[in-house]
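Numbering (the numbering used here), first residue to last: 10 to 152.
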């Protein structure tokens, strides 16, 4: 049996993704200190639940259902750094949360606006890749 940690990556809407690098580094050092004290933080894997949206483009509405399935939708990540983490995942799967999404959204939309489907993607990442992930996120958010 391999120990698994739940990695929660959440921040307020207006906080920029650059804050993630020092937070990830701090988390890594805290886990290291906990392991030195023989606490149960010797993870083999971490699991991250990512929030993303799939854009259903208007020009796809005229296509048949069969051809729609083969097309890739545009993905918008709620936390952009999670796109980098996604590339390091050994296992990933996603599901729609359209029916569970908040119904209190306010705004004005045109009939021709593209529709965004709220999704969740579960990522299973080897903890051994965490240092590499921090470096790649640092490169991505500083660009």
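Don't be surprised by glycine CBs; every beta carbon is placed ideally from N, CA and C. Remember, predicted model here, so these are calculated numbers, not experimental data.
Counted within 10 angstroms of its Cβ, other Cβ atoms place residue i as buried (16 or more) or exposed
{"i": "residue 21", "result": "exposed"}
{"i": "residue 79", "result": "Confidence in residue 79 is poor, its pLDDT being 46 and thus under 50, which makes the residue's placement too unreliable to answer from."}
{"i": "residue 146", "result": "buried"}
{"i": "residue 151", "result": "exposed"}
{"i": "residue 130", "result": "buried"}
{"i": "residue 142", "result": "buried"}
{"i": "residue 112", "result": "Here residue 112 scores only 49 on pLDDT, less than 50, and its place in the model should not be relied on; the value that follows carries that caveat. Counting Cβ neighbours within 10 Å, residue 112 comes out exposed, since fewer than 16 surround it."}
Residues that DSSP places opposite residue i in a beta bridge
{"i": "residue 124", "result": "65"}
{"i": "residue 106", "result": "Note: residue 106 sits in no beta bridge, so no partner."}
Candidates the options: closest to residue i by CA position
{"i": "residue 85", "options": "124, 97, 98", "result": "124"}
{"i": "residue 91", "options": "14, 26, 12, 11", "result": "26"}
{"i": "residue 93", "options": "39, 65, 18, 13", "result": "18"}
{"i": "residue 28", "options": "132, 99, 88", "result": "88"}
C-beta neighbour in chain C for residue i, strict 8 Å
{"i": "residue 149", "result": "Absent from the structure: chain C. Only one protein chain is present."}
Whether or not the region 94 to 109 and the region 34 to 43 are in contact is what I'm after, with contact meaning three or more pairs of Cβ atoms, one per stretch, closer than 8 Å; do they touch?
no
Stretch-stretch touch, CB-based, cutoff 8 Å, three pairs: the region 126 to 139 with the region 49 to 69:
yes
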